[in-house]
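Every position in the sequence shown, counted from 1, becomes a number in the working numbering once 106 is added. Structure first, then comments.
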Amino acid sequence: MGIEHLFFFVVAGLLLNFNGLWVNIGWALATAWVARRVTSVQRGMHWLERTAGLMFIGFGLRLALSDNPAK
Numbered sequence: 107m108g109i110e111h112l113f114f115f116v117v118a119g120l121l122l123n124f125n126g127l128w129v130n131i132g133w134a135l136a137t138a139w140v141a142r143r144v145t146s147v148q149r150g151m152h153w154l155e156r157t158a159g160l161m162f163i164g165f166g167l168r169l170a171l172s173d174n175p176a177k
């Protein structure tokens with residue numbers, strides 16, 4: 107193995123790292139976009155869960171106060 111092999115090995119490694127940099131930047135941007143979307147969806151889910159809980163309480167009260175719950 108001569109110095110040429112070492113040089114080509116280092117150049118190939120640098121080239122692969124440079125090409126991988128753009129792929130990793132793309133993944134980072136996609137992840138940031140998803141993180142922003144998740145926080146907005148979580149805010150909406152918070153109110154959806156509150157509404158569902160309120161509906162279950164209402165149905166439970168209606169069932170408890172009804173004359174014949176079996177009908």
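No residue lacks a Cβ here, since even glycine has one placed at the ideal position from N, Cα and C. It should be emphasised that the depicted structure is a prediction, and the values quoted were computed from it without experimental measurement.
Could you give the distance in angstroms between the alpha-carbon of residue i and the alpha-carbon of residue j?
{"i": "residue 126", "j": "residue 138", "result": "18 Å"}
{"i": "residue 157", "j": "residue 129", "result": "42 Å"}
{"i": "residue 123", "j": "residue 131", "result": "12 Å"}
{"i": "residue 154", "j": "residue 145", "result": "14 Å"}
{"i": "residue 174", "j": "residue 160", "result": "23 Å"}
{"i": "residue 163", "j": "residue 150", "result": "20 Å"}
{"i": "residue 113", "j": "residue 141", "result": "41 Å"}
{"i": "residue 148", "j": "residue 172", "result": "36 Å"}
{"i": "residue 109", "j": "residue 120", "result": "17 Å"}
Kindly list the residues whose CB is nearer than 8 Å to the CB of residue i, restricted to its own chain and excluding five residues on each side of it in sequence; keep chain order.
{"i": "residue 118", "result": "none"}
{"i": "residue 136", "result": "none"}
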